[in-house]
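Residue numbers are given in our numbering: position 56 of the sequence shown equals residue 373, and the series is strictly consecutive.
Ideal placement from N, C-alpha and C gives every residue a C-beta, glycine not left out.
Here is the structure we will look at.
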Amino acid sequence: MDVNAAFVDAIYEKVKASPTYQEHFQGKKVVVVLDNAPAHSQTEDRVVEHDDLELLRLGPYSPMCNPIEGCFSVLKARIKADLALSREELVAARPRGQIAEGRMLILERAAKRCISCMDLRPVNKMALHCQHAVAAAERMEDMQYGT
318 MDVNAAFVDA
328 IYEKVKASPT
338 YQEHFQGKKV
348 VVVLDNAPAH
358 SQTEDRVVEH
368 DDLELLRLGP
378 YSPMCNPIEG
388 CFSVLKARIK
398 ADLALSREEL
408 VAARPRGQIA
418 EGRMLILERA
428 AKRCISCMDL
438 RPVNKMALHC
448 QHAVAAAERM
458 EDMQYGT
């Protein structure tokens, strides 16, 4: 929990020091959005208070309002496709006690090969998708999961 609070503090300090903030957003609040992951449950209580820091918590399971959900979905799909090519290695016999370790190594290699898919294009795409979802919510339109 303290790690999350320290991370929020670091984000706040980086944003405040950034040239973009200094030039375009001076005097505005820094907003950090938290999802409802158990690890974030006490972050608000532990983060250093600043008059210009706002912590917003998403509603219960709101993936359409959280760009990281879409980004992780893209990454997981790539990793699954990569693992499908490693099927033989995944199911290969291993000595007792080494099965989980062997599979973890295969998964880590797949993640390293696939992480390059997370560049600005999918991040910007997911951020735009979330903007549309939030705008629709403000208009009181029904939300569709998986869109």
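Exercise for the section: To the nearest angstrom, report how far apart Ala427 and Ala354 are at their CA atoms. Expected result: Residue numbering aside, residue 427 sits at position 110 when the sequence shown is read from its first letter. Residue numbering aside, residue 354 sits at position 37 when the sequence shown is read from its first letter. The alpha-carbon atoms of Ala427 and Ala354 are separated by roughly 25 Å.
Practice task
Starting from the Cα of Val364, find the closest Cα among Ser335, Val325, Glu340 and give me that residue.
Solution key: Taking the first residue of the sequence shown as 1, we reach residue 364 at position 47. Of the listed residues, the one whose Cα sits closest to Val364 is Val325.
Practice task
State buried or exposed for Asn383, treating a residue as buried only when at least 16 other CB atoms are found within 10 Å of its CB.
Solution key: Sequence index remark: in the sequence shown, residue 383 carries index 66 (1-based). So Asn383 ends up on the buried side.
Exercise for the section: Check each candidate in Asp369, His357, Asp368, Cys388 and name the one with the smallest Cα separation from Pro377. Expected result: Counted from its first residue, the sequence shown places residue 377 at position 60. Taking only the C-alpha atoms, the option nearest Pro377 is His357.
Exercise for the section: To the nearest angstrom, report how far apart Glu458 and Arg411 are at their CA atoms. Expected result: In the sequence shown, the residue the question calls residue 458 occupies position 141. In the sequence shown, the residue the question calls residue 411 occupies position 94. About 53 Å.
Handout entry: Spatially closest choice to Pro439 from Leu372, Glu386, Ile423, by CA coordinates
Key = Numbered from 1 along the sequence shown, position 122 holds the residue referred to as residue 439. Among Leu372, Glu386, Ile423, the Cα nearest to that of Pro439 is on Glu386.
Practice task
Alpha carbon to alpha carbon, how far is Pro380 from Phe389? Give it in angstroms, no decimals.
Solution key: Mapped onto the sequence shown, residue 389 falls at position 72. Mapped onto the sequence shown, residue 380 falls at position 63. Taking the straight line from one Cα to the other gives about 11 Å.
Practice task
Reducing DSSP to helix, strand and coil, say where Arg430 ends up.
Solution key: Along the sequence shown, one-based indexing puts residue 430 at 113. Helix.
Problem - beta strand (DSSP E) runs wholly inside the segment 350-398, at least 3 long, in chain order - result: 370-374
Practice task
Quick one: using the 10 Å Cβ neighbour count with 16 as the cut-off for buried, is Thr337 buried or exposed?
Solution key: The residue given as residue 337 occupies position 20 in the sequence shown. It counts as exposed.
Problem - N-terminal and C-terminal residue of the alpha helix (DSSP H) that Tyr329 is part of - result: As a position in the sequence shown, residue 329 is number 12, starting the count at 1. Here the alpha helix (DSSP H) through Tyr329 covers 319-334.
Practice task
Determine the burial state of Ala394: buried for a count of at least 16 other Cβ atoms within 10 Å of its Cβ, exposed for fewer.
Solution key: Walking along the sequence shown from the start, residue 394 turns up at place 77. Exposed.
Practice task
With distances taken Cα to Cα, identify the nearest neighbour of Ala401 among Ile423, Val348, Gln461.
Solution key: Translated into positions along the sequence shown, residue 401 becomes position 84. Looking at the Cα atoms, Ile423 is the closest of the given residues.
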